[in-house]
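Colleague:
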Amino acid sequence: MDTRLHGITVPELHKETTQLIKVLVVEDSPVVREFLIYILNADPGIRVIGSVSNGEEAIEAVKHYRPDVITMDIHMPKMDGMEATRRIMETSPTPIVIVSGSTDPHENSKMFRAMEAGALAVLIRPTGIGHPDHEASVRELVQTVKLMSEVKVVRRWPQTRRGPVLPSSPKALVDRPAQVKVIAMGASTGGPPVLQTILAMLPRDFPLPVLIVQHIASGFVTSFVEWLAQSSGLPVHVAVHGEYIAPSHVYVAPDEFQMKVVHGGKIVLTKDEPENGLRPSVSYLFRSLAAVYGGEAVAVLLTGMGRDGAEELRLLKGKGAVTIAQDKDSSVVHGMPGEAIKLDAATYILAPDKIAAVLIGLATNKDNKESQR
2 MDTRLHGITV PELHKETTQL IKVLVVEDSP VVREFLIYIL NADPGIRVIG SVSNGEEAIE
62 AVKHYRPDVI TMDIHMPKMD GMEATRRIME TSPTPIVIVS GSTDPHENSK MFRAMEAGAL
122 AVLIRPTGIG HPDHEASVRE LVQTVKLMSE VKVVRRWPQT RRGPVLPSSP KALVDRPAQV
182 KVIAMGASTG GPPVLQTILA MLPRDFPLPV LIVQHIASGF VTSFVEWLAQ SSGLPVHVAV
242 HGEYIAPSHV YVAPDEFQMK VVHGGKIVLT KDEPENGLRP SVSYLFRSLA AVYGGEAVAV
302 LLTGMGRDGA EELRLLKGKG AVTIAQDKDS SVVHGMPGEA IKLDAATYIL APDKIAAVLI
362 GLATNKDNKE SQR
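The sequence shown runs 2 to 374 under our numbering.
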């Protein structure tokens, strides 16, 4: 039996539902909506408690049924997924996973704007039954829903229009080494908006190269890079095998490759085994920095689940590098930076704006600027 609320279809709940992960599916296509419901309900740990066809209905359904996780389409009538995400995070904070059928990088940049508003993850919609990638894509959706259900999201206050936020007192924060030649940052859940914040604060004449590993669903890295580039004064690229890192450029690890830097400043992409279950892995990149640059590197470990990069951040600190972990209050998930802090791997524990301040302070060190010439 179904109950109905202003056009919202809500399956009658079994008694055991309170022990399951309760999911609201937001998708305008009836066929896709039923497909997602079928996939999610097939898992014994998940129960779809409702489905709606646009953002307006989603806001109402969240208030009435308090789901543990929302799967959200982006392109919908009346109110799109980006605006619905923003309003839900301002009124009824709930973990949101963006699920899209689009593979167009230009269209997908809208998904990352939804992440600015508070969505936790973006995924390509699972492929159809019979497709060779069907089982893997279903597993990814189910696993992501389960992981995101554990995240304690907080209310996002309505945004007001304002100018760019300038980092505060960089000189006061930095005990500067003589030279820094490269910066590397690693992030997972909640990372895209943090990376955007940091890169947007770096000036156009920022003299150091920046390497990034962001755990993200396969197929989205090009969209992610285009989105970062919209707010960054620095050129942002998907890293290419064999290219040399250049000052004032940002390089993001591509899908399904490990990324490292070798002597001479050349990027090497490999199909080496996943580390911590991940490829690209932050640990893999950080370890290469420790070997090649040692104390002339800066490494930053940002919000994310697990411990990827934590041990290697300690390795870098031991070699004299400046190491930074994001603080708990500003992290969506304090797994990776939290593990690094437990290991005493962080020189600094900072919020994103202060991280940008430290990076600027290091880069504007007179000795360091001369070393980049």
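Here a beta-carbon is modelled for each residue, glycine too, at the ideal position from N, C-alpha and C.
Does the beta-carbon distance from V26 to I40 come in below 7 Å?
Modeller: Cβ distance not < 7 Å, so V26 and I40 don't count as in contact.
Colleague: Should A137 go down as buried or exposed, given a rule of 16 or more other Cβ atoms within 10 Å for buried?
Modeller: It counts as exposed.
Colleague: When DSSP labels each residue in this structure, what does Q180 get in the three-state scheme?
Modeller: The answer is coil: DSSP assigns Q180 none of H, G, I, E or B.
Colleague: Assign Y349 to one of three DSSP states: helix, strand, or coil.
Modeller: Strand at Y349.
Colleague: Mind the definition here: the segment 308-328 touches the segment 267-284 only if three or more C-beta pairs lie below 8 Å; say whether that holds.
Modeller: Verdict: yes, contact present.
Colleague: Quick check: V253 and I213, are their CB atoms within less than 7 Å of each other?
Modeller: Cβ atoms of V253 and I213: closer than 7 Å.
Colleague: Look up E276 in the DSSP assignment and say whether it is helix, strand or coil.
Modeller: The answer is strand: DSSP assigns E276 an E or B state.
Colleague: Using 7 Å as the threshold, is the C-beta distance between T95 and V63 below it?
Modeller: Yes.
Colleague: Is L303 near L314, with beta carbons less than 7 Å apart?
Modeller: Cβ distance not < 7 Å, so L303 and L314 don't count as in contact.
Colleague: Among A346, S52 and P45, which one has its Cα closest to the Cα of E35?
Modeller: If we check each option's Cα against that of E35, S52 comes out closest.
Colleague: Are the segment 241-259 and the segment 221-232 touching, with three or more C-beta to C-beta distances below 8 Å?
Modeller: At 8 Å Cβ cutoff, the stretches touch.
Colleague: Grouping DSSP H, G and I as helix and E and B as strand, with all else coil, what is S282?
Modeller: S282: coil per DSSP, three-state reduction.
Colleague: Within its chain, find whatever has a CB closer than 7 Å to the CB of K318; leave out the 5 residues flanking it on each side and keep chain order.
Modeller: Contacts found: T324, A346 and T348.
Colleague: Rounded to a whole number of angstroms, what is the C-alpha to C-alpha distance between P194 and M116?
Modeller: Straight-line Cα distance between these residues: approximately 7 Å.
Colleague: Quickly, what does DSSP pair R48 with across the bridge? List them, please.
Modeller: Note: R48 sits in a beta bridge opposite K23.
Colleague: List in chain order: all unbroken alpha helix (DSSP H) runs of 4+ residues lying wholly within the segment 36-113.
Modeller: Runs found: 56-66 and 82-92.
Colleague: Quick check: what's the CA-CA separation for A173 versus A188?
Modeller: With a pLDDT of only 44 at A173, under 50, the local geometry of the prediction cannot be trusted, and the value read off the model is given with reservation. Taking the straight line from one Cα to the other gives about 26 Å.
Colleague: Taking the beta strand (DSSP E) that I199 falls in, what are its first and last residues?
Modeller: Per DSSP, I199 belongs to no beta strand (DSSP E); it is in the alpha helix (DSSP H), G192 to M202.
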